[in-house]
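Here's the structure we're looking at; comments come further down.
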Amino acid sequence: MSSTTTFTEERTVNARYTFTDEELDSIALTLVHKLADKDQAEAEKKEVMDDYKHRLSLLTAEINDLARKRRDGFEMRPVRCRLERDFEAKKRQWVATEGSGMEGEVVREEPFNPEDYQMELADIEAMSERAENSKTMGKASTNDLAEDVEIDDQVEEDAASEEE
């Protein structure tokens with residue numbers, strides 16, 4: 021006697037399933053939405069990365085600027101100045117004006133330009149003209165005459181030094 025016993029076992033196994041047309045359309049629509057979401061996320065990531073890159077670049081520039089200032093001990097700044105000419109030394113001096121934080125300090129010194137000599141002649145002519153007008157009007161002030169004498173003396177000294 022033979023008896024057969026059958027054991028049944030159940031388990032889940034992968035088997036091929038063919039999608040219906042409606043399921044395929046639904047998958048295609050979901051795929052399009054997911055691609056758009058991915059593109060959006062990548063664009064946002066790029067914006068954030070660009071923002072961080074810009075912020076890091078600004079911080080690096082500030083760090084480099086501070087390091088240079090500390091290393092050099094100074095920085096160049098625009099300073100309001102007046103031009104003073106030293107005719108004896110034939111030098112131009114740029115002197116800081118009030119409100120600059122460096123009042124009265126010579127911030128730049130340079131040799132005369134050819135125009136500086138021309139300006140001296142123009143100043144002399146203006147002084148001579150003013151003196152002549154004052155004399156003809158009978159109103160010459162002692163200040164005008166003193167300035168004329170100083171200029172005449174300066175012209176003679178310059179002429180003598182140029183001849184040497």
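When you line the sequence shown up against the numbering used here, it's residues 21 to 184, in that order. Just so you know, even glycine gets a beta-carbon here, dropped at the ideal spot from N, CA and C.
Contact check, residue i vs residue j under 8 Å by CB: the rounded distance?
i, j, result
"Val115", "Glu108", "Contact doesn't hold; Cβ gap of about 17 Å is too wide."
"Arg230", "Glu130", "Because the chain is modelled from 21 through 184, residue 230 falls outside the range shown and cannot be assessed."
"Lys110", "Phe132", "5 Å"
"Thr117", "Glu123", "7 Å"
"Ser120", "Arg100", "5 Å"
To which residues does DSSP link residue i through a beta bridge?
i, result
"Val115", "Arg102, Val126"
"Pro131", "Lys111"
With burial defined as no fewer than 16 other Cβ atoms inside 10 Å of the residue's Cβ, what is the status of residue i: buried or exposed?
i, result
"Ala151", "buried"
"Lys159", "For Lys159, the pLDDT reaches just 49, beneath the cut-off of 50, and the residue's location in the model is therefore unreliable, although a value from the coordinates is still provided. It counts as exposed."
Rounded to whole angstroms, what's the CA-CA distance from residue i to residue j? Just pull it up for me.
i, j, result
"Val127", "Asp70", "42 Å"
"Thr50", "Lys58", "12 Å"
"Glu67", "Glu82", "23 Å"
"Asp136", "Ile144", "12 Å"
"Leu76", "Leu86", "15 Å"
"Asp92", "Asp106", "31 Å"
"Leu79", "Glu43", "53 Å"
"Glu62", "Ala56", "10 Å"
"Arg36", "Asp45", "19 Å"
"Gln138", "Pro98", "28 Å"
"Arg31", "Ala48", "31 Å"
"Val52", "His74", "33 Å"
Starting from residue i and walking both ways along the alpha helix (DSSP H), at which residues does that stretch end?
i, result
"Glu67", "41 to 92"
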